[in-house]
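Only one structure is covered here, and it is reproduced in the block below.
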Ligand SMILES: NC(=O)c1ccc[n+]([C@@H]2O[C@H](COP(=O)([O-])OP(=O)(O)OC[C@H]3O[C@@H](n4cnc5c(N)ncnc54)[C@H](OP(=O)(O)O)[C@@H]3O)[C@@H](O)[C@H]2O)c1
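In the working numbering, the protein residues as written are 360 to 618.
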């Protein structure tokens, strides 16, 4: 079994840490730059913890960088100072594995394709892992690790992962932003966002069975210009929402015209 060190205990790191620990997958050490976070994770599980990267054991087989994309090179450089024996991976969708190349001989990516938020309990089997690595042996090790975590592991190149990431942003972050805009309007109009929750759930559930195109309903899909015009008038006092409404309606209409 690999001996693993985890660097970063934010949204992604805390989930990864919990899965690795619960499934007895060799988590040996955790680092967080905030001592209370490292301490609260490590003490409870009797795992080595530190808020100083230089104190991490240098003889682990795998180091997982779960830090924001923009600081991966900086943290990697610092970790390289430890002269670690093992491989180093990050967990980012949008950042190529090769950002680690200047610092480590063996490097890769272990990208959990899920929205991970501190305090939410995500079941590991709901998380596909996208794997990339500098060599075949590390690919195999990461595939085995991801299979042991979630049972869903895929070899995905840096370029392919970038496409998955941009579409993940569209389906997850954009949808959630629409919820935020809708919640704001309903709040101002004295209505309860709870009324929309069953609709949100069914929209997500039906695309588990149907292609998204087949699941599309609503005025644009029906070619109902009168309703669209009325919606636009109503949204005039919510300019942010109006801009989004116009843009997405235009996209829906264009797709309908093309097919
Ligand atoms: N959240 C998701 O849904 C998700 C899903 C898949 C992949 N990812 C990937 O996971 C990685 C981390 O994202 P996240 O959402 O977990 O971010 P996050 O919640 O902000 O957590 C980032 C962690 O990195 C630490 N950190 C920040 N700057 C640092 C620095 N300069 N040196 C050392 N540690 C530093 C933070 O420490 P403090 O807590 O002390 O600030 C925190 O523990 C990213 O590469 C992201 O693309 C995220």
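For each residue, glycine too, the CB sits at the ideal point set by N, CA and C.
Since this is a predicted model, take the numbers as computed values, not measurements.
Secondary structure at residue 443: coil, using DSSP grouped into helix, strand and coil. A contact is defined here as three or more CB-CB pairs under 8 Å, and the region 556-576 fails this definition with respect to the region 504-518. The three-state reading of DSSP puts residue 586 in helix, counting H, G and I together.
Annotation: residue 473 to residue 371 spans about 9 Å, alpha carbon to alpha carbon. Taking 7 Å as the cut-off, one finds no heavy atom of ligand 1 near enough to the beta carbon of residue 583. Counting of Cβ neighbours within 10 angstroms places residue 489 among the buried residues, the total reaching 16 or more.
Along the region 478-544, the alpha helix (DSSP H) occurs as fully enclosed runs of 4 or more residues at 495-509 and 517-527, listed in sequence order. Nearest C-alpha to residue 382 among 469, 453, 483 and 397: 483. In this structure, residue 475 has its CB closer than 7 Å to one or more heavy atoms of ligand 1. Taking every protein chain shown into account, the CB of residue 471 has 16 or more other CB atoms within 10 angstroms, so this residue is buried. Ligand 1 never approaches residue 536 closely enough for any of its heavy atoms to be under 7 Å from the residue's Cβ. If you check the C-beta of residue 428 against ligand 1, you find a heavy atom less than 7 Å away. One alpha carbon belongs to residue 613, the other to residue 604, and they sit about 14 Å apart. For residue 394, the three-state secondary structure derived from DSSP is helix. With 16 or more neighbouring CB atoms inside 10 Å of its own CB, residue 400 falls in the buried class.
In this structure, residue 375 keeps its C-beta atom at 8 Å or more from the C-beta atom of residue 412. Within the DSSP secondary-structure output, residue 577 pairs in no beta bridge. In the structure shown, residue 552 falls within a helical segment according to DSSP collapsed to helix, strand and coil.
Nearest C-alpha to residue 394 among 386, 368, 419 and 378: 368.
Proximity of the beta carbon of residue 470 to ligand 1 is indicated: a heavy atom of the ligand is located closer than 7 Å.
Under DSSP, the beta-bridge partners assigned to residue 364 are 388 and 422. When the five nearest sequence neighbours on each side are left out, the beta carbons in the same chain lying within less than 6 Å of the beta carbon of residue 552 are those of 542 and 545, in order along the chain. By the neighbour-count definition (other C-beta atoms within 10 Å, threshold 16), residue 461 is an exposed residue. The three-state reading of DSSP puts residue 474 in coil, since its state is none of H, G, I, E or B. Three or more beta-carbon pairs separated by less than 8 Å are not found between the region 421-436 and the region 403-410, which leaves the two stretches without contact.
Relative to the non-hydrogen atoms of ligand 1, the Cβ of residue 482 never comes closer than 7 Å to any of them. Of the candidates 454, 534 and 554, 454 places its Cα closest to the Cα of residue 522.
For residue 608, no beta strand (DSSP E) segment is defined; the enclosing uninterrupted segment is the alpha helix (DSSP H) at 598-617.
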